[in-house]
Amino acid sequence: MALKNNKPATKKAQATGASKAASAEGPQEVAPVKKKRKWRYLLLYAAAIGFAFYAVITIINQNVRIAEKRAELSELQQQINVVEIQSNYIEKVRGYTGQELSDYMEKIAKEELGYVGEGERIFINVAGDQ
Numbered sequence: 014m015a016l017k018n019n020k021p022a023t024k025k026a027q028a029t030g031a032s033k034a035a036s037a038e039g040p041q042e043v044a045p046v047k048k049k050r051k052w053r054y055l056l057l058y059a060a061a062i063g064f065a066f067y068a069v070i071t072i073i074n075q076n077v078r079i080a081e082k083r084a085e086l087s088e089l090q091q092q093i094n095v096v097e098i099q100s101n102y103i104e105k106v107r108g109y110t111g112q113e114l115s116d117y118m119e120k121i122a123k124e125e126l127g128y129v130g131e132g133e134r135i136f137i138n139v140a141g142d143q
């Protein structure tokens, strides 16, 4: 007594067996395969659109950051210019000797510290800007 196996041995054999059975019955439906392809392409398009959207957002974000950094650079350049001017002024003052140094010290004492020389009078204009 021999046992008969009704199941095909491999998937290929299953597909072949299914196609033989389908061809014997009539034309096979192709619609499920097209739906699968349609969904695959739809997902591919959605992924491409998502990537494009991400790329655009990233580029815009980078441009904003670049603009901020340029503004910061401009501000730092202005600060560097101010410090260079101050440094040049200090170097000039360090070179003063004798009478120049005395005149400079007197000028600073009068203008910034409010000192008055001997025999001088200070008149304050209370009327305003005249």
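When we follow this note's numbering, the leftmost residue of the sequence shown carries the number 14, and every step to the right adds one. From the three backbone atoms N, C-alpha and C, an ideal C-beta is built for every residue, glycine too.
Inset, instruction - Flag I62 as yes if its beta-carbon sits less than 8 Å from any beta-carbon of chain D, otherwise no. - result: Looking for chain D here will not work: only one protein chain is present.
Inset, instruction - Note down the Cα distance separating Y109 from Y128, rounded to an integer number of angstroms. - result: If you take the alpha carbons of Y109 and Y128, they lie about 21 Å apart.
Inset, instruction - Kindly provide the ranges of any alpha helix (DSSP H) runs that are 4 or more residues long and lie completely inside the region 67–127, ordered along the chain. - result: Counting only runs of 4 or more, we get 112–124.
Inset, instruction - Pick helix, strand or coil for A61, following the three-state DSSP scheme. - result: In the displayed model, A61 falls within a helix according to three-state DSSP.
Legend entry - Cα-Cα separation between L86 and A68, rounded to whole angstroms: Answer to the nearest angstrom: the Cα atoms are 26 Å apart.
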